[in-house]
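Chemist: Quick one: the structure is below, questions incoming.
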Amino acid sequence: MKIIIANWKAKITTEADAVALARGSDKEGLVVCPPHAFLDEVRAAIVHASLGAQDYAPDLSARGATHVIIGHSDRRREGETDDVIAEKIALAVSDGLIPILCVGETKPERDAGETHEVLKRQIRTALSRIPAETAPIFIGYEPVWAISTTPGAEPENPTDAARKIAFIREQVSHGSYRAMVSYIYGGSVTATTAGGFLEKENIQGLLVGGASLHEKEITNIWQQAQKA
Ligand code: 13P
């Protein structure tokens with residue numbers, strides 16, 4: 007069984023839609039990440055799924071969240087630096103949350119041949135402020151050029167995604183960080199493309215944006231993850 011993280015981003019704008027989608031996504035092994043404003047309503051609507059947030063905030067554990075996405079490209083685009091991300095990871099860990107760190111290169115970085123350099127810097131800095139033995143974390147490889155909201159997004163090829171994840175894993179193993187890390191992929195995952203990623207042994211789950219807004223689609227992706 008592999009994990010599915012549903013990142014609704016800012017696409018769900020009413021409480022009624024948040025509750026309906028939460029009920030339709032209420033599966034064990036699925037982490038639902040609604041906008042911050044709907045955390046309480048979603049928490050009350052789910053029994054089997056876990057609750058995640060889209061960014062660190064001090065009230066998350068009190069509101070029942072267990073997971074938090076940190077370093078998403080939407081935040082990096084707004085100027086969030088690797089140092090701020092490292093600080094948020096440390097705060098999340100000390101609050102008892104499971105961080106889902108997002109890393110990934112932009113198209114210009116990829117085209118300039120800087121992917122490895124970028125991933126190395128993002129990983130090393132992000133993990134620099136947490137103790138070597140700590141709670142489990144997730145690291146999501148999300149190439150910015152593959153995220154559906156990026157103009158001209160093209161999905162990553164599963165074999166290349168698995169290679170990048172192998173590189174990320176290598177970077178983590180070079181550092182002092184020794185906790186359990188699970189590696190996941192995100193970027194234009196749909197019910198049609200999910201299988202190609204899930205069949206890769208070193209991809210242990212998926213971060214799903216746009217497709218997670220549709221109950222049938224996210225259920226289908228989750229069902230594939232159960233068999234993987
Ligand atoms: P899409 O699945 O819409 O490409 O979004 C991916 C993402 O950013 C999840 O965090």
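Numbered by our numbering, the letters in the sequence shown go through residues 7 to 234 in order. C-beta atoms are modelled at their ideal positions from N, C-alpha and C, and glycine is treated no differently.
Express the C-alpha separation of ILE52 and TYR183 in angstroms, rounding to a whole number.
Modeler: Going from the Cα of TYR183 to the Cα of ILE52 covers about 33 Å.
Chemist: Using 8 Å as the threshold, is the C-beta distance between PRO64 and ILE104 below it?
Modeler: No, the Cβ-Cβ distance between PRO64 and ILE104 is not below 8 Å.
Chemist: Output needed for PRO4: all residues of its chain with C-beta closer than 7 Å, excluding positions within five of it in sequence on either side, in chain order.
Modeler: There is simply no residue 4 to check, as the chain begins at 7 and stops at 234 in what is shown.
Chemist: Which stretch, first to last residue, makes up the beta strand (DSSP E) that contains ALA50?
Modeler: Segment 45-51 is the alpha helix (DSSP H) holding ALA50; no beta strand (DSSP E) there.
Chemist: Who are the Cβ neighbours of ALA92 in its own chain at under 7 Å, not counting the five residues just before and after it?
Modeler: Answer for ALA92: THR131, ALA132, SER134, ARG135, listed in chain order.
Chemist: In the stretch 132-203, which residue ranges form an unbroken beta strand (DSSP E) of at least 3 residues, counting only runs that do not cross its ends?
Modeler: Whole beta strand (DSSP E) segments, 3+ residues: 143-147, 187-192.
Chemist: Give the C-beta separation of SER56 and HIS73 to the nearest angstrom, bearing in mind that I take them to be a contact with Cβ-Cβ under 8 Å.
Modeler: Indeed they touch by this definition, with Cβ atoms about 6 Å apart.
Chemist: Alpha carbon to alpha carbon, what distance is there between GLN229 and ILE153?
Modeler: Roughly 22 Å between the two C-alpha positions.
Chemist: Which runs of the alpha helix (DSSP H) fall wholly inside the stretch 79-117 and span at least 4 residues, in chain order?
Modeler: The qualifying runs are 79-83, 88-100, 113-117.
Chemist: Taking just the CA atoms, how far does MET7 sit from PHE98?
Modeler: Position check: residue 98 holds Ala in this sequence, whereas Phe was assumed. One C-alpha to the other measures close to 25 Å.
Chemist: By Cβ distance, which residues of its chain are closer than 7 Å to GLY181, with the 5 residues on each side in sequence left out?
Modeler: Closer than 7 Å at Cβ, skipping near neighbours: ARG130, LEU133.
Chemist: Within 10 angstroms of its Cβ, does GLU176 collect 16 or more other Cβ (buried), or is it exposed?
Modeler: It is exposed - the Cβ of GLU176 has fewer than 16 other Cβ atoms within 10 Å.
Chemist: Please list the terminal residues of the continuous alpha helix (DSSP H) segment that includes ASN226.
Modeler: Counting along the chain, the alpha helix (DSSP H) containing ASN226 begins and ends at 221-233.
Chemist: In terms of alpha-carbon separation, which member of ALA185, PHE203, ALA197, VAL38 lies closest to LYS170?
Modeler: Here the closest residue by C-alpha is PHE203.
Chemist: Going by beta carbon distance, what residues of the same chain come within less than 6 Å of THR121, once the five residues before and after it are set aside?
Modeler: Within the same chain, THR121 has close Cβ partners GLU111.
Chemist: Can you tell which of TRP151, VAL150, PHE144 has the C-alpha that lies nearest to the C-alpha of ALA185?
Modeler: Among TRP151, VAL150, PHE144, the Cα nearest to that of ALA185 belongs to PHE144.
Chemist: Would you check if the distance between the CB atom of VAL38 and the CB atom of ALA12 is smaller than 8 Å?
Modeler: Yes, these two residues count as a Cβ contact at 8 Å.
Chemist: Can you tell which of ARG81, VAL109, ALA26, ARG29 has its C-alpha closest to the C-alpha of VAL178?
Modeler: With distances taken between Cα atoms, VAL178 lies closest to VAL109.
Chemist: Would you mind reading off the limits of the beta strand (DSSP E) that contains ALA59?
Modeler: 56-59 is the span of the beta strand (DSSP E), which, as asked, contains ALA59.
Chemist: At which residues does the beta strand (DSSP E) containing LEU36 begin and terminate?
Modeler: First-last of the beta strand (DSSP E) with LEU36: 36-39.
Chemist: Identify which residue in THR87, ILE76, LYS33 has its Cα closest to the Cα of GLY146.
Modeler: The option with the nearest alpha carbon to GLY146 is ILE76.
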